[in-house]
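Trainee:
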Amino acid sequence: MIIEYGDIKKWTFKLWNTFMISTANVFLLFGNLQTPMFLDWLLGLGRDSERTNTTKGKVWILTAQLELKSYSNKQEQKSAKLIYSGALSLVVHSNGLPGFLQFILERKPSNAKEDFLIRDFWSSTFDCTFPNWILNHTNSELCTGLESMENISENLLERTITGHSYSIYNAAFAVAHALHAMYSSRFKHKRKMERERWTSLTQQSWELLYFLKQVSFNNNIGEKVSFDQNGVLLTTFDVINWVLFPNVSLIGVKVGMINSQVTRDHKLMMNKNSIVWHSWFNEVQPLSICSNKCQPGYSKQKKEGESFCCYDCIPCPKDKISEWEDMPDCVECKQDLYPNNHQNACIPKIVIFLSYNEPMGMGLTIGALFLSLITIAILKTFRTHHNTPIVKANNRDLTYILLASLLLCFLCTFFFIGQPQKIMCVLQQSVFGIVFSVAVSSVLAKTITVVLAFMTTQPGTKKTRGMGKGLSSSIVISCSLIQVGICTVWLSTSPPFLDADMHSGMGEITLQCNEGSPVMFYSMIGYMSFLAIASFIVAFFARNLPDSFNEAKSITFSMLVFCTVWLSFVPTYLSTRGKYMVAVEIFSILASSAGLLSFIFFPKWYIIVVRPELNNRDQLKWRKH
1 MIIEYGDIKK WTFKLWNTFM ISTANVFLLF GNLQTPMFLD WLLGLGRDSE RTNTTKGKVW
61 ILTAQLELKS YSNKQEQKSA KLIYSGALSL VVHSNGLPGF LQFILERKPS NAKEDFLIRD
121 FWSSTFDCTF PNWILNHTNS ELCTGLESME NISENLLERT ITGHSYSIYN AAFAVAHALH
181 AMYSSRFKHK RKMERERWTS LTQQSWELLY FLKQVSFNNN IGEKVSFDQN GVLLTTFDVI
241 NWVLFPNVSL IGVKVGMINS QVTRDHKLMM NKNSIVWHSW FNEVQPLSIC SNKCQPGYSK
301 QKKEGESFCC YDCIPCPKDK ISEWEDMPDC VECKQDLYPN NHQNACIPKI VIFLSYNEPM
361 GMGLTIGALF LSLITIAILK TFRTHHNTPI VKANNRDLTY ILLASLLLCF LCTFFFIGQP
421 QKIMCVLQQS VFGIVFSVAV SSVLAKTITV VLAFMTTQPG TKKTRGMGKG LSSSIVISCS
481 LIQVGICTVW LSTSPPFLDA DMHSGMGEIT LQCNEGSPVM FYSMIGYMSF LAIASFIVAF
541 FARNLPDSFN EAKSITFSML VFCTVWLSFV PTYLSTRGKY MVAVEIFSIL ASSAGLLSFI
601 FFPKWYIIVV RPELNNRDQL KWRKH
C-alpha cells in the first residue's frame, strides 16, 4: 500500500488541529522512549510558518516509560523543546548507588562481551562504528573500544544513569531474595533431596511469583523494596517539571513525589509554586475544562450527550448552599443555621419570640394594661357604690367575682409575652383556662340569677327565694372545678414545655411553648366554649324578661362576641406559626374579655357615674312591656 505525502500532510494537519484547537489544555502521553520524538515529528508536519508564532501552550503529562532527557542538549530540536516546555513527567525515583558510577566508567566492550547492547550504546555515545558493523557509517570513525567514559559530558552521563538503572538494580535483588526464600522453603521440609528433584524444582519456575510477592527488604542505601497484595511494586515516582531556559536547554526540575508506600492522604506531595508552565499561559496555572467552574452558590449539572466533565451550573435551592467551587450537589445547613443571600455559606439563625420591645408585643401589652386599668376602675366604682340598687341587683357577689376574673384574664396575657421560660409554659395555658372558666361560669350564674329573680315574683314561688345565692355559688364552683380537673390531667400526663421552632421563618429560631397535648389544649378551649354557648342560650331566652336592670340582654351580646372570637380563633391559630400564633391567642383573650366587660358592666357604670338619678329603688320595680 502506497501512501502519498499529501495524504500524510492532511492527516498530520488534522492531528495538529485536534491538539491545538481543542479546549483541552492537558494531555496524557503514553508510549515508550521514542514516543515524544514521534509526536514532535507529527506535530511538526502539521505546523506551517504562519502558525508557528501562534502556537498554543499545552501541558503534557508523560508516564514513567517516557524520557525527555534526549532533548536536553540538542540545539536542533528547539521546536520539540517548545512543545514540551512546562511538561510534567513521572520518573522512577532513584538514588546514588554505591559503586555504580565506577561500574559504568569501567564498562567497556572488551570486558562486557556478553552485553549485546553495549556496542549500540558505545557507538551512539562516541559517534563511531565498530569494524564489520552491519550499518555502513562512512562518515564515522572506527570504535577502538578503549574510549574513556570519563570524557563524555555530565549531561550525557546523567541520561545514562536513570531511574531505570535503579529499578533494574532493585529488581535483581528482589528476584534473588525470592529465589532464596523459595529454595529455603523447599529445603526446610526436604533436606535430603535427590539430584533429579533439583530439575523438577527449577521446572516449576511459576512458584517464584508467589515468593516474589512476599519479598520485603532494604537495599544497600536503606530504601525499602516491597510489593502489595496484588504483586505490584510499591515504588516511588518523582514528578519532574521540564523548563525551557533562554539558552534553549530543556532542564527537568523535581517539583513533587508520588509515594505508594505511605498513607493515602500523603501519597502525592507537590510544590505548586515551583512549577513553571508554558509561556503561553503567562505564568498562570492552566485549566483544562470544557465548562467554567461553578462558583459557590451553584452546583454542577451534567450536560446530556457530552463528556462527563462538561456540565452546567445551576443555582442552589433556597434552603441549600454550596461553599466551594464545582460542588456536585448543594447541601443543607444545620438546623440552627440558614443560607445567606448568595447561598455560599451558612449563618446563625436569629432567636426570636414575642417581645415587649417589638411593635406587636408592645401594642398587646398596652392593650392588656389599659383594659386592666378599666376593669380596676369599674371594680372600684362598684365597691364605692356597694349599697346602691344597681350594684345589688342580680347578685352583687357574682359581679365582684366576674370583675376579678376578667382582671386576671387581662393580666394572664403577660404569661405569653416575653422570652418563654419553662415555668411560664406550664402555667400560661392552665391559668388562662381556669380563670376564663371562672369568668364564663360567673356569667352563666348571673344569667340563671336573672331567671330566678323573675320566677320569685310569680305567685306560689316564694320557696325559691333562698336558692339564688347558693345555686349561683354552686354553678361557679362546680363549673370551675371541671376545668381544673381537665388542666390537672393535662399537666400530669403531657404538660406544655419550652420548644424551639426551627422552620417557622427563614433565618429564625422561634422560642415558644409547645402545648404538649393538642387534645387536652382543645379540650380546655372546647369546655370553655361549651360554658359560653350555654350562657348565650339561657341569656337569649331570658332577654325579654320585664326587669329594668335585666342583664340578660347584655349577657346575650357579650356571649355572642365571646363565641364569635373563639370560633374564629381555632382556624386562625392553626394557620399561623411562631410568635404570630401567640399573638392570636393573646388577642382572642383580650377581645373576648373586653366584650364581657363592655356589654355587661359599661351600661351599669354609665348609670352609676353619669346618670345616678336612675340608680334608685323605683327603677327596680317590675313592669310589663
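The sequence shown begins at 1 in the UniProt record's numbering and counts up one residue at a time. The C-beta atom is built at its ideal place from N, Cα and C for all residues, glycine as well. All figures in this text were calculated on a predicted structure; none of them were measured in a lab.
Taking only runs of the beta strand (DSSP E) that begin and end inside the segment 496–526, which ones reach a length of at least 3 residues, in chain order?
Mentor: Those beta strand (DSSP E) runs which fall completely within the segment 496–526 and span 3+ residues are 497–501 and 508–514.
Trainee: For residue 606, count the other beta carbons within 10 Å of its own beta carbon; 16 or more makes it buried, fewer makes it exposed. Which is it?
Mentor: Under this definition residue 606 is an exposed residue.
Trainee: How do the segment 471–491 and the segment 428–438 stand: do at least 3 beta-carbon pairs fall below 8 Å, yes or no?
Mentor: The answer is yes - the segment 428–438 touches the segment 471–491, with three or more Cβ pairs under 8 Å.
Trainee: Assuming residue 402 contacts residue 443 under a Cβ cut-off of 8 Å, what Cβ separation, rounded to an integer in Å, is found between them?
Mentor: Contact holds; Cβ gap of about 7 Å.
Trainee: Of the residues 22, 585, 514 and 363, which one's Cα is nearest the Cα of residue 567?
Mentor: Cα-wise, what sits closest to residue 567 is 585.
Trainee: Here's the rule: buried if 16 or more other CB atoms are within 10 angstroms of the residue's CB, otherwise exposed. What is residue 520?
Mentor: It counts as buried.
Trainee: Around the C-beta of residue 294, are 16 or more other C-beta atoms found within 10 angstroms, so that it is buried, or is it exposed?
Mentor: Answer is buried; the Cβ neighbour count reaches 16.
Trainee: Which residues in the same chain as residue 323 place their Cβ atom closer than 7 Å to its Cβ, once the five residues preceding and following it in sequence are excluded?
Mentor: So the qualifying residues of the chain are 296, 344 and 345.
Trainee: Using 8 Å for Cβ pairs, my map puts residue 440 next to residue 408. What's the rounded Cβ distance?
Mentor: Actually they do not touch by this definition, with Cβ atoms about 13 Å apart.
Trainee: Give the secondary structure of residue 581 by DSSP, where H, G and I count as helix, E and B as strand, and everything else as coil.
Mentor: It is helical.
Trainee: Contact between the segment 108–121 and the segment 80–91: three or more CB pairs below 8 Å?
Mentor: Output reads no: the segment 80–91 does not touch the segment 108–121.
Trainee: Put residue 299 into one of helix, strand or coil per three-state DSSP.
Mentor: Residue 299 falls in the strand class under three-state DSSP.
Trainee: Taking one C-beta from the segment 169–189 and one from the segment 204–220 each time, how about it: are there three or more such pairs within less than 8 Å?
Mentor: Touching, yes.
Trainee: Have a look at 240, 10 and 587 and flag the residue whose alpha-carbon is nearest the alpha-carbon of residue 417.
Mentor: The shortest C-alpha separation from residue 417 is found at 587.
Trainee: So the candidates are 185, 317, 590 and 124; which of them puts its Cα closest to the Cα of residue 367?
Mentor: It is 590.
Trainee: Span of the beta strand (DSSP E) holding residue 225?
Mentor: Element bounds for residue 225: 224–226.
Trainee: List the whole-angstrom C-beta distance separating residue 552 from residue 391, where the pair is believed to meet the contact cut-off of C-beta under 8 Å.
Mentor: Contact flag wrong, Cβ pair sits at about 18 Å.
Trainee: May I ask you to report which of helix, strand or coil DSSP gives residue 111?
Mentor: Coil at residue 111, not helix or strand.
Trainee: State whether the segment 552–562 contacts the segment 527–539, with contact taken as three or more CB pairs (one from each stretch) at a distance under 8 Å.
Mentor: Contact holds: three or more Cβ-Cβ distances are below 8 Å.
Trainee: When the Cα of residue 476 is compared with those of 558, 411 and 400, which residue comes out closest?
Mentor: Measuring from the Cα of residue 476, the nearest candidate turns out to be 400.
Trainee: Determine the contact status of residue 288 and residue 92, defining contact as a CB-CB distance below 8 Å.
Mentor: Not closer than 8 Å, so no.
Trainee: Return yes when the Cβ of residue 330 is within less than 8 Å of the Cβ of residue 317, no when it is not.
Mentor: Closer than 8 Å, so yes.
Trainee: State the Cα-Cα distance for the pair residue 447 and residue 609, rounded to the nearest angstrom.
Mentor: Cα to Cα, residue 447 sits roughly 24 Å from residue 609.
Trainee: How many angstroms separate the CA atom of residue 239 from the CA atom of residue 211?
Mentor: Rounded to the nearest angstrom, the two C-alpha atoms are 31 Å apart.
Trainee: Per the contact definition of three or more C-beta pairs closer than 8 Å, is the segment 348–357 in contact with the segment 494–509?
Mentor: Counting Cβ pairs under 8 Å, three or more are found: they touch.
Trainee: By Cβ distance below 8 Å, which residues in the same chain neighbour residue 578 in space, the five residues on each side in sequence not counted?
Mentor: These residues qualify, in order along the chain: 352, 501, 504, 505, 508, 510 and 512.
Trainee: Which two residues bound the contiguous beta strand (DSSP E) that contains residue 409?
Mentor: From DSSP, residue 409 is part of no beta strand (DSSP E) but of the alpha helix (DSSP H) over 396–411.
Trainee: Would the beta-carbon of residue 308 fall within 8 Å of that of residue 302?
Mentor: Yes.
Trainee: Buried or exposed for residue 515, please, with buried defined as at least 16 other CB atoms from any protein chain shown within 10 angstroms of its CB.
Mentor: By the 10 Å Cβ count, residue 515 comes out buried.
Trainee: Could you pull out every unbroken beta strand (DSSP E) segment of at least 3 residues lying fully inside the segment 346–390, listed in chain order?
Mentor: Runs found: 346–348 and 350–352.
Trainee: Quick one: give me the first and last residue of the alpha helix (DSSP H) that residue 118 is part of.
Mentor: Segment 118–126, the alpha helix (DSSP H) holding residue 118.
Trainee: What is the rounded straight-line gap between the Cα of residue 333 and the Cα of residue 165?
Mentor: Distance between the alpha carbons of residue 333 and residue 165: 55 Å.
Trainee: CB residue 445 to CB residue 478, shorter than 8 Å?
Mentor: No.
Trainee: Between the beta-carbon of residue 597 and the beta-carbon of residue 375, is there less than 8 Å?
Mentor: Yes.
Trainee: When you compare only the Cα positions, how much space is there between residue 305 and residue 421?
Mentor: Approximately 59 Å between the Cα atoms of the pair.
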